[in-house]
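Undergrad: Sharing a structure, written as structure tokens. Questions coming.
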Amino acid sequence: MLERYGHGGDLQSASELYDIEQDQLLDFSSNMNPLGPPQVVADILSQYMQHITNYPDPANRQLRETIAKKHLVHTDQVIVGNGAAELIDLIIRYIKPKTAAIVAPSFIEYEQALQKIDCKITYIESHADHGFSPNEQQVEQLIEQQMVELYMLGHPNNPTGQLLSEKMVTNLLQSGAIVVLDEAFLDFHLDEDGLSWISKVNTYRNLFVIRSMTKFYSIPGIRLGYMIGAAEQLELMKQMQYPWSVNSLAQFIGHAVLQDHSFANQSKSWLVEEVNWMYEQLVALHVKPFRTVTNYILVDLSYGYDISASELQQLMGMQGVLIRDASTFKGLESSYIRLAIKSRQQNIQCLTVLSTILSKYRKDVVDEL
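Just so we're aligned, residue 1 is where the sequence shown starts under UniProt numbering, counting upward by one.
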């Protein structure tokens with residue numbers, strides 16, 4: 001099992017498990033932008049090395065100003081963290097909810113952070129036959145019964161790639177509960193600004209929006225994310241944050257990549273074509289892919305094949321291709337995998353290995369998609 005730490009992208013473990021050098025592995029288990037990192041990242045690393053002899057700016061001032069400018073908010077409404085994971089943990093430690101709701105399946109960090117404070121978690125159902133949209137009837141009942149203090153939701157959700165409905169989020173916000181939206185993958189969408197809830201943080205003081213810079217700019221080793229919300233509450237959260245959690249190079253890189261509009265536009269345009277191509281190729285393999293708005297795709301193997309996600313992960317790993325066993329997400333069965341969307345050449349390599357292995361496990365009768 002590659003998800004021993006709860007995530008994909010663990011090349012060290014994969015290298016040890018399959019006895020393959022890390023640089024020879026093709027990683028479809030983590031959702032990084034194959035067009036990144038932008039060239040400006042290499043420029044920063046070479047130009048700013050002298051700054052590692054100085055402490056980072058503890059207030060992340062330049063980076064926060066750049067983020068605020070991008071989203072048309074005040075600098076005091078921005079907090080920067082060591083990746084989105086730090087901010088998920090931080091806001092939960094700050095709010096300390098006794099009750100919370102998350103979608104099943106969803107990003108494992110939500111559940112783990114809530115469990116650390118012994119919070120009672122309600123799981124909002126989402127099922128394949130409804131395209132993994134959250135059960136709005138269940139949400140309405142939670143609102144009516146005032147059972148939940150905090151909702152932590154992916155927009156789009158990971159691993160399903162689905163956006164939340166505007167109606168549902170509005171109802172949650174108007175209920176008075178605290179709503180934390182994780183928009184870690186929204187950067188990939190052509191209508192990022194129109195779909196983001198950041199523009200509503202001044203309307204709803206119970207709304208917080210988390211963004212990751214790791215995936216879109218392909219800088220997971222840098223660890224960088226930010227959150228936008230009510231200034232006075234973020235100020236209190238900053239007092240709970242570990243000092244210098246964002247290093248100098250991360251601050252410089254974050255400031256630079258946010259101004260690289262050419263890279264952003266190229267990445268968004270690339271994904272529109274590539275994700276549709278990948279979807280059609282998977283349909284042709286007689287598996288069930290689910291439509292997605294971002295750079296990963298959830299796949300159910302059970303329609304055409306008698307093989308589990310963990311078995312397929314092992315067999316593909318032995319061929320040097322890493323995939324995400326999505327059965328580790330609450331609410332998904334043993335037949336679910338998640339694939340990142342990579343470059344066309346990489347996608348072809350992945351599909352070739354996938355097709356070769358699956359051909360040995362074909363069902364006699366293929367289920368209707």
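We put the CB at the ideal spot given by N, CA and C, even for glycine.
Who does Lys120 pair with in a DSSP beta bridge?
TA: Its beta-bridge partners are Thr99.
Undergrad: Looking at the structure shown, is Asp193 part of a helix, part of a strand, or coil, going by DSSP?
TA: Helix.
Undergrad: Under a three-way DSSP split, which group does Asn208 fall into?
TA: The identity of residue 208 in the sequence shown is Phe, whereas the question assumes Asn. Strand.
Undergrad: Assign Glu21 to buried or exposed, taking buried as 16 or more other Cβ atoms, counted over all protein chains shown, within 10 Å of its Cβ.
TA: Answer is exposed; the Cβ neighbour count stays below 16.
Undergrad: Could you pull out every unbroken beta strand (DSSP E) segment of at least 3 residues lying fully inside the region 22-98, listed in chain order?
TA: List check, beta strand (DSSP E) in window: 78-81.
Undergrad: Please go through the region 303-348 and give each complete beta strand (DSSP E) segment of 3 or more residues, from N-terminal end onward.
TA: List check, beta strand (DSSP E) in window: 336-340.
Undergrad: Look at the alpha carbon of Trp270 and the alpha carbon of Phe107, and state the distance between them as a whole number of angstroms.
TA: Cα to Cα, the separation comes out at about 25 Å.
Undergrad: Can you check which of these residues, Pro56, Asp57 and Thr75, is closest to Arg64 by C-alpha distance?
TA: Checking every option, the nearest Cα to that of Arg64 belongs to Thr75.
Undergrad: Using 8 Å as the threshold, is the region 247-256 in touch with the region 43-58, meaning 3 or more CB pairs across them?
TA: The region 247-256 vs the region 43-58: in contact.
Undergrad: Is the Cβ-Cβ distance between Tyr217 and Pro37 less than 8 Å?
TA: Cβ atoms of Tyr217 and Pro37: closer than 8 Å.
Undergrad: Excluding sequence positions up to five away, which residues of its chain have a Cβ less than 6 Å from the Cβ of Val275?
TA: Once the five neighbours on either side are set aside, the close Cβ partners of Val275 are Ile341.
Undergrad: Could you pull the start and end residues of the alpha helix (DSSP H) that Ile253 belongs to?
TA: Looking at the DSSP string, the run of the alpha helix (DSSP H) that includes Ile253 is Ser248 to Val257.
Undergrad: Can you give the Cα-Cα distance for Gln162 and Asp43, rounded to whole angstroms?
TA: The alpha-carbon atoms of Gln162 and Asp43 are separated by roughly 35 Å.
Undergrad: With C-beta atoms as the reference, is Lys154 less than 8 Å away from Asp191?
TA: Lys is not the amino acid found at residue 154; the sequence shown has Gly there. Not a contact, by the Cβ cut-off of 8 Å.
Undergrad: Under the rule that 16 or more other beta-carbon atoms within 10 Å means buried, what is Glu273, buried or exposed?
TA: The residue in question, Glu273, is exposed, as its Cβ has fewer than 16 Cβ neighbours within 10 Å.
Undergrad: Tell me whether Met240 sits in a helix, a strand or coil according to DSSP, three-state version.
TA: Met240 falls in the coil class under three-state DSSP.
Undergrad: How long is the line joining the alpha carbons of Ser359 and Ser212, rounded to whole angstroms?
TA: Cα to Cα, Ser359 sits roughly 38 Å from Ser212.
Undergrad: Reducing DSSP to helix, strand and coil, say where Val272 ends up.
TA: Three-state DSSP puts Val272 in a helix.
Undergrad: How do the region 83-103 and the region 258-267 stand: do at least 3 beta-carbon pairs fall below 8 Å, yes or no?
TA: Cβ pair count under 8 Å is below three, so no.
Undergrad: With DSSP run on the structure shown, which of helix, strand or coil describes Ala113?
TA: Here Ala113 sits in helix by DSSP.
Undergrad: Using DSSP bridges, identify the partner residues of Val179.
TA: Answer is Tyr151 and Leu207.
Undergrad: Quick check on the DSSP output: the alpha helix (DSSP H) that includes Val139 runs from which residue to which?
TA: Where Val139 is concerned, the enclosing alpha helix (DSSP H) stretches over Glu136 to Gln145.
Undergrad: Do Ile222 and Ile178 come within 8 Å of each other at the CB atom, strictly closer than that value?
TA: No, the Cβ-Cβ distance between Ile178 and Ile222 is not below 8 Å.
Undergrad: When the distance is taken between beta carbons, is Ile337 closer than 8 Å to Leu312?
TA: In this structure, Ile337 lies closer than 8 Å to Leu312 by Cβ.
Undergrad: With DSSP run on the structure shown, which of helix, strand or coil describes Asp129?
TA: Three-state DSSP puts Asp129 in a helix.
Undergrad: Within the continuous beta strand (DSSP E) that includes Leu298, where are the two ends?
TA: Per DSSP, Leu298 belongs to the beta strand (DSSP E) from Tyr296 to Asp300.
Undergrad: In chain order, what residues of the same chain lie with their CB nearer than 7 Å to the CB of Ile92, ignoring the 5 residues before and after it?
TA: Ala113, Leu114 and Ile117.
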